[in-house]
Amino acid sequence: MLNHKSIFCLVPRFLGAVMDALLTASPGSSLTVLDGSLQSNQIYQFIVHMENRKNSSIQVTGYVLVTVDDTHPQLIVIGCVISISCVPNLEYQFVNPTTQVALFILCVGTYNSTSSNSTQWTLFNNTILYENIWFFGTNTIVYTFLSAISTSALNFIINQPPANGPCSINPFDGTITTLFTIECPNWYDVDGIQDYSLYAWTTDISQRTIIAFSSEYNFQVRLPSADNETSLLNLIVYVRDLVGSVTQVNISSVNIIADLATINDLIDKITNSSSTITNNLIVRLLSSGNQNVVGQMIISLSQEFNQMSNENFDKAISNGIPAVDISVSLLGSQSLQQTSIPLNESALIDYNIELNSLANVRDYLVTFLTNLLITTSTSIILQASSLVQLTQITNQLTRNTLMLVSNRCYELSTALYAIFEKISYEDAQSASNQLFQCASNILNAVNGPLQGRTSTLDLDYSRANMVPTDYDTDLESAWSNLNLFSDGNDFSTTTIEKNRNIYYQKQLANQINSQVTQIISLLTSSLNIHLNIGQSSLMNTSQSFVSLETISIQSLKDRLVKQVQNAQFHIPSSFILNTTSNSSISLRSKIDPLASFGNFQNTNLSRSISLSIIDQNRNEVSFQAHQDNPIQLIIPRDPNVLIPSMYLQNVTSINSTLNNLLFNYHYINITSSLPISVHFEIHSLNTNLAYLFIYKFDQTPLLNSSINLIDGWTLFCPFNLTNDDIYRYFIDNQQTPGHQSLIFGIRELNSTEMNNYCLNNSSINTSLPITDESFTFTSNYELRIYTSGCYYLDANNNWKLDGLIVGSLTNLYETECLSTHLTSFAGG
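Positions 163 to 990 (our numbering) are the ones given, in order, by the sequence shown.
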């Protein structure tokens with residue numbers, strides 16, 4: 163290795179260089195002669211004269227004769243896909259103990275190549291025993307040469323992580339504004355120490371959050387407080403060498419409490435737009451522009467505000483406010499036990515006051531994150547973590563906050579994509595996980611008000627209706643076009659202001675939907691390069707679920723792709739895949755807590771699920787299943803959806819003989835611009851009874867010995883009962899379009915009909931039990947009816963439904979959809 167001060171000269175008869183071995187990191191030095199520097203068919207003598215710098219009398223001289231032969235060798239080059247995963251060290255490549263290595267080969271020169279069907283590299287005799295355990299996606303290519311034999315190899319050496327050093331913290335207790343000193347002296351690594359990163363958590367180490375990073379072994383930090391249950395904060399330091407190997411060091415836990423006086427002073431001054439806000443200690447720290455300091459304060463404050471928000475939410479729920487009206491449930495959460503008490507109006511007012519106060523604070527804090535320098539992958543992780551914490555309570559994010567966070571998440575994703583071939587998988591995954599959550603949070607937040615799931619924020623409402631500064635000059639301004647905001651002929655101030663706010667919310671939703679799509683694409687590319695066939699990457703948090711896996715095309719057939727909350731895609735055994743690749747593809751499976759608004763609210767109680775197929779060129783591949791063998795999807799609803807009660811039908815008290823009624827009829831209005839499915843649940847108070855169910859669209863169904871005017875029928879026999887003793891029936895969304903009403907009738911089978919149609923269930927009578935006698939019910943029954951739908955999101959962010967069929971597995975908690983293509987889906 164030549165020192166930067168070395169002097170080079172190259173003339174036809176003399177080549178010389180002075181190398182200072184003492185100033186190099188490597189114990190050896192080398193000289194590279196570039197292509198074309200030496201003439202062919204010539205003999206060159208290379209002389210090396212070495213002199214001891216401390217004792218010039220110690221000298222040694224060596225030489226070698228080199229004959230330059232004009233040949234065209236066939237070269238096979240082996241290299242690492244991710245350069246940092248195998249750093250060169252003379253004849254070896256450094257490999258970290260916890261880092262995977264992806265290799266590629268390339269033939270240089272004239273050759274013929276053929277790809278075999280083999281899926282293994284034969285490294286050693288026992289390599290195949292570790293396929294898909296140690297070795298993933300091995301792929302053999304055969305190169306043939308006319309008159310030469312060529313081989314190539316890489317030699318690896320395990321890079322040892324930093325060692326022999328302690329880490330400590332001082333003091334052992336404080337508040338979120340207390341300055342703590344972290345010291346990690348005397349760490350040794352032959353490659354040198356690159357940096358120190360500090361992570362913190364309370365009870366679950368998997369939820370650890372990055373707090374700071376530094377290239378110095380001695381640095382200062384401010385720490386977040388612990389949760390309500392404990393004030394103890396656990397800490398760990400990652401010591402990383404220049405080649406990327408890491409040693410994790412646990413340090414003493416500390417007691418951190420919130421600095422409530424300073425926090426409340428900050429909230430008060432932001433709420434009242436105080437001119438003395440710059441005197442607040444937290445604001446002075448945030449104004450430093452140091453990403454470590456800003457990140458620490460944003461994380462600490464956000465965790466405090468998140469805790470306050472959760473307490474405010476719990477209080478609202480206990481006062482009868484439906485959870486589904488003020489929030490979107492986290493992924494994997496269970497249905498809340500809500501009190502069945504009348505809504506307390508004053509509690510709702512108090513809830514909204516607290517909500518808007520904290521929304522204003524977040525709107526103020528976000529401005530300190532938007533212009534921080536983006537330096538390394540650790541810098542991306544820290545800033546992304548800060549954004550995730552700030553946006554965790556999605557109903558407190560103003561449009562200004564959302565716009566700034568969306569832009570920043572996009573910038574961080576772009577920065578990660580720019581270095582994804584130069585960083586380790588661990589760093590790429592950690593950064594991507596945070597940015598996936600950031601994208602999900604802002605998507606959830608911007609759609610919440612449009613879907614009627616969260617409240618309109620006061621700051622958004624006032625800003626939307628504030629007269630713009632260019633009002634007098636911008637004649638094309640949408641703000642002054644009242645026709646955009648009226649409801650028909652209703653031009654009242656209340657209507658105009660309400661619809662103007664909705665208009666700007668929809669505009670931002672479209673912008674964020676587009677930007678989130680770009681963010682997801684960038685993050686997918688940043689991770690996929692690290693994944694070979696048989697490998698996967700999973701990000702599963704309460705905010706978002708994203709799974710990436712690389713598979714062979716063959717293994718896509720009849721594949722079940724599971725998500726959380728029973729969400730899933732079942733790929734059929736036959737399909738058309740529009741790709742020229744014949745080796746591997748990537749699957750990206752994703753679920754978001756709330757479906758986008760798109761062009762209507764029918765999806766406002768549904769999760770959004772998607773599955774994408776990506777080829778080796780990072781392009782999405784179109785997928786087409788056959789109509790008779792479609793993709794099966796299960797789309798969960800929000801677990802806090804309000805389940806309609808079953809209504810008791812007091813049929814035993816009805817005198818059917820007065821009107822000679824053969825059935826007890828029920829009417830349903832199914833007028834809808836969208837195809838819907840209709841679902842029936844019947845619970846008999848006597849589970850030993852059986853029923854005949856008939857229906858007709860747009861008119862009363864009639865069935866007797868002389869008339870058969872029905873569109874469908876079914877028998878409910880006791881052996882059909884589910885575990886909850888409920889009979890279920892549904893009419894899919896292909897049958898309802900064009901109809902305004904559905905009338906169905908129910909009658910109880912008599913004992914003779916029971917014997918003929920229900921008792922011998924192994925040979926069920928497929929004919930209709932017809933009678934001319936008025937109905938007689940010996941027991942009452944309960945009835946519940948609901949509708950459902952299946953929708954997919956098109957390229958213009960609009961929900962469409964053509965080609966989708968609602969399946970029979972649909973219930974109150976999830977929708978089954980049948981589709982012939984892949985995209986983003988939601989239920990209704």
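Idealized CB from N, CA, C, for every residue including glycine.
Contact between the stretch 569-577 and the stretch 535-548 is present: 3 or more CB-CB pairs across the two stretches fall below 8 angstroms. As a beta-bridge residue in DSSP terms, residue 826 pairs with 908. When Cβ pairs closer than 8 angstroms are counted between the two stretches, the stretch 725-739 is seen not to touch the stretch 665-683, the count staying below three. Contact between residue 551 and residue 612 is ruled out by a C-beta separation of about 25 angstroms, above the 8 angstroms threshold.
Rounded to the nearest whole angstrom, the CA to CA distance from residue 256 to residue 779 is 29 angstroms. By the criterion of a C-beta distance shorter than 8 angstroms, residue 536 is surrounded in its chain by 542, 545, 573, 574, 577, once the five residues flanking it on both sides are discounted. Note on geometry: alpha-carbon atoms of residue 318 and residue 208 lie some 30 angstroms from one another. Scanning its chain for C-beta atoms nearer than 6 angstroms, with the 5 sequence neighbours on each side dropped, one finds around residue 843 the residues 888, 890, 946, in chain order.
A contact between stretches requires three or more CB pairs, one per stretch, nearer than 8 angstroms, and the stretch 831-838 fails this requirement with the stretch 931-940. A distance below 8 angstroms separates the beta carbons of residue 340 and residue 384. In the three-state scheme derived from DSSP, where H, G and I count as helix and E and B as strand, residue 253 is classed as coil.
Counting along the chain, no alpha helix (DSSP H) covers residue 201, and no H or E run does either. Boundaries of the beta strand (DSSP E) around residue 221: 221-229. With a cutoff of 8 angstroms on beta-carbon distance, residue 987 and residue 691 are scored as not near each other.
Beta-bridge partners assigned by DSSP to residue 363: 396. With fewer than 16 other beta carbons inside 10 angstroms of its own, residue 584 counts as exposed.
Residue pairing by DSSP places residue 786 opposite 738 in a beta bridge.
Residue 344 is bridged by DSSP to 331, 381. Secondary structure remark: continuous beta strand (DSSP E) runs of at least 3 residues inside the stretch 805-874, in chain order: 809-811, 826-831, 839-846, 853-859. In this structure the stretch 747-758 lies against the stretch 703-711, because at least three pairs of beta carbons, one per stretch, are closer than 8 angstroms. In the DSSP assignment, residue 605 falls within the unbroken alpha helix (DSSP H) covering 587-609. Taken through DSSP and simplified to helix, strand or coil, residue 374 comes out as strand. Its chain contains 832, 859, 860 as the residues whose beta carbon lies nearer than 7 angstroms to that of residue 901, once the 5 sequence neighbours on both sides are disregarded; these appear in chain order.
Restricting attention to alpha helix (DSSP H) runs no shorter than 4 residues, the stretch 438-505 encloses them at 443-448, 453-480, 485-488, ordered along the chain.
Judged by DSSP in its simplified three-state form, residue 880 adopts helix. Taken through DSSP and simplified to helix, strand or coil, residue 795 comes out as strand. Across the structure, residue 430 and residue 601 are spaced so that their CA atoms are roughly 30 angstroms apart.
For the set 520, 913, 451, the Cα lying nearest the Cα of residue 472 is the one of 520.
If you look at residue 724, you'll find it in the beta strand (DSSP E) that goes 722-724.
The three-state reading of DSSP puts residue 938 in coil, since its state is none of H, G, I, E or B.
Of 856, 826, 806, the smallest CA-CA separation from residue 815 is found for 826.
Inside the stretch 694-730, DSSP marks whole beta strand (DSSP E) runs of 3 or more residues at positions 698-702, 707-714, 722-724, from first to last along the chain. CA-CA distance, residue 785 to residue 828, rounds to 42 angstroms.
Proximity to residue 488 across 333, 758, 610 peaks at 610, based on C-alpha coordinates. Between the alpha carbons of residue 557 and residue 603 lies a distance of about 10 angstroms. Assignment of beta-bridge partners to residue 325 by DSSP yields 350.
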